[in-house]
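Numbers in the numbering used here are just positions in the sequence shown, counted from 1, shifted up by 118. Don't be surprised by glycine CBs; every beta carbon is placed ideally from N, CA and C. Keep in mind the model is a prediction, meaning the values are calculated, not measured. Data block below; observations after.
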Amino acid sequence: MNISQIIKAASKYTPGLDEQRILDAYVFAEKAHKEQKRDDGAPYITHPLETCMILTSLQADEDMLITALLHDVPENTGFTLKDIEAKFGKEVAFLVEGVTKLSRVYYKHNMVDRQIESLKRLFLHSAKDLRIILVKLSDRLHNMRTLDNIQNESKRLFIANETLEIYVPVANLLGIWEIKSEIEDLCFKYIHPTDYAKMNFLVEQSAIRNDQILKETLRITKNIMKSKGINAEIYARKKNLYSIFKKMVRTGRQFKDIYDLIALRVIVNDIDECYLALGVIHQTFKPKPKRVKDYIAVPKINGYRSIHTTVFGMDGIITEFQIRTKQMHLDDEYGIAAHYFYDYSNTKKEKIGEIFREHADWAKKILNIQKEAKTSGDFVDGMKFDIFQDRIFVFTPRGDVVDLPYGSNIVDFAYHIHSDIGDHLLSAEVNGEPVIPTTQLKTGDTVKIESSDKVTGPKREWLQFVKTGLAKTKIKEFFRKQSTRKNYNAGLALLEKELNLLGIDELKKTSPKEESKFLKDFGVKSKRELIASIGSGDINVKNIIRAMYSREELLGTPPKKKNNCYEIEINIIFKDRIGFLRDIAMLFSNLGVNISQIKNLGSNSNMQKYLSMTIEVRSIEHLDSALMSVNLMKGIVKVWKG
Ligand code: MN
Numbered sequence: 119m120n121i122s123q124i125i126k127a128a129s130k131y132t133p134g135l136d137e138q139r140i141l142d143a144y145v146f147a148e149k150a151h152k153e154q155k156r157d158d159g160a161p162y163i164t165h166p167l168e169t170c171m172i173l174t175s176l177q178a179d180e181d182m183l184i185t186a187l188l189h190d191v192p193e194n195t196g197f198t199l200k201d202i203e204a205k206f207g208k209e210v211a212f213l214v215e216g217v218t219k220l221s222r223v224y225y226k227h228n229m230v231d232r233q234i235e236s237l238k239r240l241f242l243h244s245a246k247d248l249r250i251i252l253v254k255l256s257d258r259l260h261n262m263r264t265l266d267n268i269q270n271e272s273k274r275l276f277i278a279n280e281t282l283e284i285y286v287p288v289a290n291l292l293g294i295w296e297i298k299s300e301i302e303d304l305c306f307k308y309i310h311p312t313d314y315a316k317m318n319f320l321v322e323q324s325a326i327r328n329d330q331i332l333k334e335t336l337r338i339t340k341n342i343m344k345s346k347g348i349n350a351e352i353y354a355r356k357k358n359l360y361s362i363f364k365k366m367v368r369t370g371r372q373f374k375d376i377y378d379l380i381a382l383r384v385i386v387n388d389i390d391e392c393y394l395a396l397g398v399i400h401q402t403f404k405p406k407p408k409r410v411k412d413y414i415a416v417p418k419i420n421g422y423r424s425i426h427t428t429v430f431g432m433d434g435i436i437t438e439f440q441i442r443t444k445q446m447h448l449d450d451e452y453g454i455a456a457h458y459f460y461d462y463s464n465t466k467k468e469k470i471g472e473i474f475r476e477h478a479d480w481a482k483k484i485l486n487i488q489k490e491a492k493t494s495g496d497f498v499d500g501m502k503f504d505i506f507q508d509r510i511f512v513f514t515p516r517g518d519v520v521d522l523p524y525g526s527n528i529v530d531f532a533y534h535i536h537s538d539i540g541d542h543l544l545s546a547e548v549n550g551e552p553v554i555p556t557t558q559l560k561t562g563d564t565v566k567i568e569s570s571d572k573v574t575g576p577k578r579e580w581l582q583f584v585k586t587g588l589a590k591t592k593i594k595e596f597f598r599k600q601s602t603r604k605n606y607n608a609g610l611a612l613l614e615k616e617l618n619l620l621g622i623d624e625l626k627k628t629s630p631k632e633e634s635k636f637l638k639d640f641g642v643k644s645k646r647e648l649i650a651s652i653g654s655g656d657i658n659v660k661n662i663i664r665a666m667y668s669r670e671e672l673l674g675t676p677p678k679k680k681n682n683c684y685e686i687e688i689n690i691i692f693k694d695r696i697g698f699l700r701d702i703a704m705l706f707s708n709l710g711v712n713i714s715q716i717k718n719l720g721s722n723s724n725m726q727k728y729l730s731m732t733i734e735v736r737s738i739e740h741l742d743s744a745l746m747s748v749n750l751m752k753g754i755v756k757v758w759k760g
């Protein structure tokens, strides 16, 4: 590795790169570390160079690259931060200081305390600037790559454990899978050497066995894509050894049952092409039943998107395909880094730092939780379970952090800001895109709310969607203040709408005896009061429907065993527009609803299209939220269960 390779790599994605400045940093670092050697006897400068090179794969900005070159200077040489500031400016000095401070955390003996201390410091500094963490991760990746050179076994183990406990979760949190999986496999190698060797052997053996078939599969897949006019990038995928190992331990299954022998990745331009590619693959290779996973329609909790399918490939060899767009690929490989670097690669470099600082606010939130935790153990538990899974952190346009329970939507957000904002919510944008109020939010989203006095109040339907108790209480409060007549009319409309959605023509007939029991169960004296209570939000219309109809009447035959879902056909009439299918797919993905089939049933003279979809839902509640969300979409004329 030499500095010209780094400059070459960086100038590819940085049009105005100041090459001389990078060169100066290199010369300075080389001189500073002159007398020092790495554990294998190589000149010390190889380490900052490699760290810097790793960062170019994340498309790191100029200051980060310089920081990487200088990151060990203040700690290990006679030069100080002041020298760095004088030569390379305040920004670089600030970043180097951040990295240096992170390096001082590890010299404690009590394992648990050290871990906790490190975690705290790590997040403390990340709260200032996420770039510091990225440099530190790259630094640690190179140290892990060269861990073999450390002769002392217990020191090696110490570093590997520390890395697995702290760096892997951090990389995971930021979603930088490329770095995360390499670091993780290196930890695996040192912490469980026997298992690692076994896994490595098994994977290599299968690679040798399947080399010819792999080449042939690649060739055929490329050809069929080309013949169908799909411009796809296709390559064999490397598997993360540690994740295969963990899966074997967790499921008790054999290697050959878990490891898909041939794993290919297909990268295309857009979502439509993803589904086209899936079709083409299934026409060529017989799919393995029930192994299609549509993480585009239903992304994983961490936001992961791709379509997976397993097929009987060449010579019947089990072959797994992952199909995704370029953007999904970048998101998956580089996580937060993709978001910040690739999206803003055209903005000025000063701007990048600003964006980083703005968005690093979520980490401050984590620090607050740390303060609230009673013991260090609580903090770590909180980090592991609470923060990452049960909470989301979203931003106001000004960069303030709003902390909400997982599953919260725009309406929850609006009421969290102020009950007036919730009551008068007019429209909303997430990351600059207009969305409907029931859109679920995810960590990192920037949410902009438009409220207006012309909006007279919240919508009753929102009650079915909101997650926070605050929003529920406020919406109910609003409707309780209204007159009984208004609530009765609204209740009637809600009941009709609900029946319509579910494809029920008429409310079920009940005997007088059944009716009086029914009313008693809901704590009301008359039918009129029951319906008014729907309007006031005191009784959920869905509870009434569910009390009247059995699950079978509403959902049909019991779920398929495999994923415990009911297959439901729904009909949609909508005004055709660009992006409609994408929007509906997004909507369902946010709700965790899988689409198993889409049928286009043509259009009428008014440019209205008629679509039939088969969706997979877990419960009547799940179906309800799917139908109601579609109903709220722009351009929907009618939606109902088939
Ligand atoms: Mn270092």
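Flag T198 as yes when its Cβ comes closer than 7 Å to any non-hydrogen atom of the ligand MN, and as no otherwise.
no
DSSP three-state label for A160, please.
coil
Is T169 near the ligand MN, going by C-beta to nearest heavy atom under 7 Å?
yes
To the nearest angstrom, how far is it from the Cα of N464 to the Cα of R355?
Because N464 sits at a pLDDT of 41, beneath the cut-off of 50, its placement in the model cannot be relied upon, and the point is left open.
Contact the region 627 to 640 vs the region 581 to 601: 3+ CB pairs below 8 Å
no
At a cut-off of 7 Å, would you count H165 as near the ligand MN, judging by its Cβ distance to the nearest heavy atom?
yes
Exposure label - D266; buried when at least 16 CB within 10 Å
exposed
N- and C-terminal bounds of the beta strand (DSSP E) containing I768:
One cannot answer for residue 768 here, as it falls past the ends of the chain, which runs 119 to 760.
Assuming L188 contacts I202 (C-beta within less than 8 Å), just tell me the rounded distance between them.
6 Å
Given S569, which residues of its chain have a CB within under 6 Å of its CB, disregarding the five upstream and five downstream residues?
I539, H542, L543, L544
Would a C-beta distance cut-off of 8 Å place I125 and I140 closer than the cut-off?
yes
Between K344, M751, Q558, which has its C-alpha nearest R695's C-alpha?
M751
Is it the case that the CB of H151 approaches a heavy atom of the ligand MN more closely than 7 Å?
no
When DSSP labels each residue in this structure, what does E490 get in the three-state scheme?
The predicted model places E490 with a pLDDT of 45, which falls under 50 and marks its position as unreliable; any figure quoted below should be read in that light. Helix at E490.
Report yes or no: do three or more beta-carbon pairs, one from the region 327 to 337 and one from the region 256 to 274, lie closer than 8 Å?
no
Taking the alpha carbon of Q401 as the reference point, which residue from I338, S537, T591 has its own alpha carbon closest?
I338
According to DSSP, simplified to helix, strand and coil, what is D179?
coil
Compute the distance between the beta-carbons of F439 and V384, then report whether it is under 8 Å.
yes
L729 versus M446: straight-line alpha-carbon distance, rounded:
27 Å
Alpha carbon to alpha carbon, what distance is there between Q138 and R156?
26 Å
Buried or exposed: which applies to A665, given that a residue is buried once 16 or more other Cβ atoms fall within 10 Å of its Cβ?
exposed
Within the same chain, show all residues whose beta-carbon is closer than 8 Å to that of D313, passing over the 5 residues directly before and after it, in chain order.
F306, F363
Sorted by chain position, which residues of the same chain lie with C-beta nearer than 7 Å to N605's C-beta, five sequence neighbours on each side aside?
F597, A650, G653, S654
Do the CB positions of E739 and S714 come within less than 8 Å of each other?
no
Beta-carbon contacts of L167 that lie in its chain and below 6 Å, excluding the five residues immediately before and after
M119
Does the ligand MN have a heavy atom nearer than 7 Å to the CB of D190?
yes
Decide if V145 is buried, meaning its Cβ has at least 16 other Cβ atoms within 10 Å, or exposed.
exposed
Can you tell me whether G796 is helix, strand or coil according to DSSP?
This structure leaves residue 796 out entirely; the chain is present only between 119 and 760.
Which first and last residues belong to the alpha helix (DSSP H) in which L588 is found?
587 to 598
Start and end residues, beta strand (DSSP E) containing S730
726 to 735
Nearest residue (CA-CA) to A143, options K660, G207, V286
G207
Where N681 falls, given that 16 or more other Cβ within 10 Å makes a residue buried
exposed
List the residues that DSSP assigns as beta-bridge partners of T514.
Note: T514 sits in no beta bridge, so no partner.
Would you check whether the ligand MN has a heavy atom nearer than 7 Å to the C-beta of D257?
yes
Which of helix, strand or coil DSSP assigns to N658:
coil
Between the region 600 to 617 and the region 546 to 559, do at least 3 Cβ pairs fall closer than 8 Å?
no
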